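Taking it in order: structure first as structure tokens, then the write-up.
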Amino acid sequence: MPVIAVDKPLNLTSHDVVNRARRARSTKRVGHTGTLDPLATGVLVLCVDDSTKVVQFMEADSKDYLAWISLGAGTPTLDAEGPVDEVATVPELDTARVQELLNTFTGPQAQVPPQYSAIQVGGQRAYAVARAGGALDLPARHVMIHSLDLLGVYPSVDAAPRTFDPQNWTPADTGHTFTLPPALGEFPTLLVRASVGSGTYLRSLARDVGAALGVPAHLGGLVRTRVGRYDLRDAVTVDDLPGATGIPDLAALDFPVIEADDRLARELRQGKRPAHPAQGRHVVTLNGDLVAVVDGDGEQLKVVRAWA
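Following this note's numbering, the numbering of the sequence shown begins with 1 at its first residue and continues without gaps.
This is the structure in structure tokens:
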């Protein structure tokens, strides 16, 4: 059963896309490997039927984004949902200095998630509490930001590029054109290409970059261009879900492969810990078929998940 990369459109939740996939594929067994906010677009990876077994191994995949960070205006949701609840005058921005500032956000970071997020504390969803006028104490989480490249500084979101070369996701005259949410006003905007680890909130990054510049900020637009080995170039539209072929489970798992014999495959499927010199996480196959995902300690293999 396939793993399918979908280009999530604006104003749909990730759950909306999952529901459409369930109808399109005539199955209730559809999962995804990482939520996209309603005002974000781009790659949402769906796992259908038996492929839902691989979701747990793909949730840690790194992700690439294009982010439009609007400075001088804050919102409760940290994005363009609004309303603007804080404004400030933005100082003159020098591109070299802004890039230097962005560089300080790369590497391991402690990041406080947005109040409007699905994080649970004491059984309560943060966004539910926020919408009721409250706020949860959300502790900072450890995240990894691999790179932040400033592609330009613009007088507003509407003045910033929307069309990009899909080979490297840089602004271009022709290529892939994105739809962004309506702008909340004329606010200076940074266009940033970001590569981040799992669990990183780009809305929090926008807030924190603004704070480092001494002004409130929000995410004026966000496009996810890659999840793991899935690039937006290869994603299908929601309307194309019924006939989408996707790729098989084995190709979706980005781990080194151990080719098993019948005995090793049998023992792993029985939950045993056979002797093997492999170290780290591996995929085990037999005649090209997926047998198991295992962790090796250099002496034996421990099954993380097995396939019949």
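Beta carbons are placed, not taken as given, at the ideal position from N, Cα and C, and that holds for glycine. Since the structure is predicted, the reported quantities are computational estimates derived from the model, not experimental observations.
Asked	Found
Where Thr13 falls: helix, strand or coil (DSSP)	coil
Proximity of Thr170 and Asp64 at Cβ, strictly below 7 Å	no
Neighbourhood of Pro166 by C-beta distance below 6 Å, restricted to the same chain and skipping five residues each side	Gly175, His176, Arg233
Cβ pair Val293, Leu268 closer than 7 Å	no
Asp208, enclosing alpha helix (DSSP H) - first and last residue	202-212
Stretch-stretch touch, CB-based, cutoff 8 Å, three pairs: the segment 145-156 with the segment 101-109	yes
Whole-angstrom distance between Asp61 and Lys28, CA atom to CA atom	24 Å
Beta-carbon proximity check, Gly74 vs Leu184, cutoff 7 Å	no
The segment 199-210 contacting the segment 110-125, beta-carbon criterion three pairs below 8 Å	yes
Bridge-paired residues (DSSP) for Ala217	Leu71
Burial state of Phe255 (16 or more Cβ within 10 Å)	exposed
Spatial distance of Gln279 from Glu259 (CA atoms)	15 Å
Chain-order list of residues whose beta-carbon lies under 7 Å from that of Thr95 (same chain, five-residue window excluded)	Leu150, Val153
Simplified DSSP assignment, three categories, for Lys53	helix
Asp240 to Thr33 span [Cα, whole Å]	19 Å
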